[in-house]
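K.L.:
Okay, here's the structure, questions in a sec.
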Amino acid sequence: MLMRTDPFREMDRIFQQLSGTSGTWSKPSAMPMDAYRDGDVYVIAFDLPGVDREAIDIDVERNMLKVRAERRPSGKSDGVQMELSERPLGVFSRQVMLADTLDTERIEADYDAGVLTLRIPIAERAKPRKISIGRADDRKQISG
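Be aware that the sequence shown starts at 63, since it is given in our numbering, and climbs by one per residue.
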């Protein structure tokens with residue numbers, strides 16, 4: 063049996079019970095993320111500890127990236143009596159508006175050690191390119 067001595071945590075637990083927010087969450091909760099550019103790739107990493115790979119959905123519609131994950135209770139039998147439950151269960155979701163400069167057709171996703179990592183290439187049209195300078199004399203010869 064676990065014993066707690068933190069009176070503030072006990073007050074939080076009582077408030078959650080009175081407000082009906084204990085147990086599984088009824089509304090989607092945001093998931094922490096990092097986003098950065100690594101060369102020609104934009105990387106977004108989401109923290110999803112304890113979530114099975116099969117419980118993650120990734121959708122892209124136009125430039126809106128939607129990530130949804132669900133942390134389900136572990137395989138406990140019906141006879142188990144919980145003494146302490148601080149790990150949140152339920153649905154986590156995040157929407158990210160992607161820039162037009164990203165190639166959403168070639169997104170790669172990896173999931174390792176509770177971190178979902180998306181790699182989105184920078185679109186070719188958005189990469190810097192050299193513009194050659196023509197001569198004004200050449201234009202006059204073509205039009206004349």
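Think of the CB as a built atom: it goes at the ideal place given N, C-alpha and C, for glycine as much as any other residue. Everything numeric in this text was worked out from a predicted model, so none of it was measured.
Please specify which runs of the beta strand (DSSP E), each continuous and at least 3 residues long, are wholly inside the segment 138 to 163, giving them in chain order.
P.N.:
You should have 152 to 159.
K.L.:
Starting from P183 and walking both ways along the beta strand (DSSP E), at which residues does that stretch end?
P.N.:
Position 121 of the sequence shown, counting from 1, holds the residue named residue 183. That run of the beta strand (DSSP E) goes 177 to 183.
K.L.:
Taking the beta strand (DSSP E) that M126 falls in, what are its first and last residues?
P.N.:
Taking the first residue of the sequence shown as 1, we reach residue 126 at position 64. Counting along the chain, the beta strand (DSSP E) containing M126 begins and ends at 126 to 133.
K.L.:
Between the alpha carbons of D95 and R197, how many angstroms are there, rounded?
P.N.:
In the sequence shown, the residue the question calls residue 95 occupies position 33. In the sequence shown, the residue the question calls residue 197 occupies position 135. Position check: residue 95 holds Met in this sequence, whereas Asp was assumed. Those two C-alpha atoms are separated by around 50 Å.
K.L.:
So if DSSP puts R99 in a beta bridge, which residue, or which two residues, is it bridged to?
P.N.:
For the purposes of this step, residue 99 is taken as residue 37 along the sequence shown, with counting starting at 1. In the DSSP output, where bridge partners are listed per residue, R99 has Y104.
K.L.:
Rank D102, A97, M93 by C-alpha distance to the C-alpha of E186 and give the top, closest one.
P.N.:
For the purposes of this step, residue 186 is identified with residue 124 of the sequence shown, where counting begins at 1. Per the Cα distances, D102.
K.L.:
In angstroms, rounded to a whole number, what distance separates the CA positions of M126 and L160?
P.N.:
Counted from its first residue, the sequence shown places residue 126 at position 64. Counted from its first residue, the sequence shown places residue 160 at position 98. Near 6 Å, if we compare the C-alpha coordinates of L160 and M126.
K.L.:
Can you check which of these residues, V177, I184, R181, D100, is closest to D114 by C-alpha distance?
P.N.:
Stepping through the sequence shown from its first residue, residue 114 is reached at position 52. The candidate whose alpha carbon is nearest that of D114 is V177.
K.L.:
Can you give the Cα-Cα distance for S88 and F154, rounded to whole angstroms?
P.N.:
Translated into the one-based positions of the sequence shown, residue 88 becomes position 26. Translated into the one-based positions of the sequence shown, residue 154 becomes position 92. Only weak support exists for where S88 lies, its pLDDT of 44 falling under 50; the coordinates are left without a value.
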